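J.: Quick note: the sequence shown uses our numbering, first residue 86, plus one each step.
All C-beta atoms, glycine included, are put in the ideal place defined by N, C-alpha and C.
Just so it is clear, the structure is predicted and the values come from calculations on it, not from any experiment.
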Amino acid sequence: MTTLIMIDQPPYGAWTGREALDMAFSLAAFDQSASLLFTGPGVNWLRQTQHAGGIEQKSVEKNLTAAPIFGMDAILADRAACIAYGLDEHSLIEGVTLVDADADLLTDYDHTAFAG
86 MTTLIMIDQP PYGAWTGREA LDMAFSLAAF DQSASLLFTG PGVNWLRQTQ HAGGIEQKSV
146 EKNLTAAPIF GMDAILADRA ACIAYGLDEH SLIEGVTLVD ADADLLTDYD HTAFAG
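#1: Have a look at glycine 156 and arginine 103 and give me their C-alpha separation to the nearest angstrom.
#2: Could you name the residues of the same chain whose beta carbon sits closer than 6 Å to that of leucine 89, not counting the 5 residues immediately before and after it, in chain order?
#3: Would you list, in sequence order, the uninterrupted alpha helix (DSSP H) runs of no fewer than 4 residues that lie entirely inside the region 105 to 190?
#4: Can you say whether isoleucine 140 is buried or exposed, counting buried as having 16 or more other CB atoms within 10 angstroms of its CB?
#5: Enumerate in chain order the residues of its own chain whose CB-to-CB distance from aspartate 163 is below 6 Å, with the five nearest sequence positions on each side excluded.
#6: Is the beta carbon of asparagine 148 closer than 8 Å to that of leucine 177?
#7: Over the uninterrupted beta strand (DSSP E) stretch that includes methionine 91, give me the two end residues.
#8: If you follow the beta strand (DSSP E) that threonine 197 is part of, which residue opens it and which one closes it?
#9: Taking the beta carbon of leucine 191 as the centre, do at least 16 other beta carbons fall within 10 Å, making it buried, or is it exposed?
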């Protein structure tokens, strides 16, 4: 069973994205195949050197660096959303794979869950 969890929410301001991240880490920790796909405003989760102290939150960058420890299969970013938000492979955190978020990608997974 493979699960793709899609996060299309910005990293700050709501808890839905963090809850989806927790769900993905829980699946991976119990040896369930799980990947994350960030799309729309969600690609901002993957931006390097975030400074969330101004809004009194911890940077999500630290949470995402734990993905390999939990055994996540992949962290994916929608290429078109990255372009729309001014991101490229050099401005993303390490370990992110740029993909085309389309129907072909979704067929690679048995289950898909959305944050939000």
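T.: Concretely, from the data shown:
#1: About 17 Å.
#2: Excluding residues within five positions, the ones whose Cβ falls inside 6 Å are Ser120, Leu122, Tyr194, Thr197.
#3: Counting only runs of 4 or more, we get 145 to 149, 152 to 155, 164 to 169.
#4: The predicted model places isoleucine 140 with a pLDDT of 46, which falls under 50 and marks its position as unreliable, so this point remains unresolved.
#5: Cβ neighbours of aspartate 163 beyond the five flanking positions: Thr124, Ala186.
#6: No. Outside cutoff.
#7: That run of the beta strand (DSSP E) goes 87 to 92.
#8: Where threonine 197 is concerned, the enclosing beta strand (DSSP E) stretches over 196 to 200.
#9: Label assigned to leucine 191: exposed.
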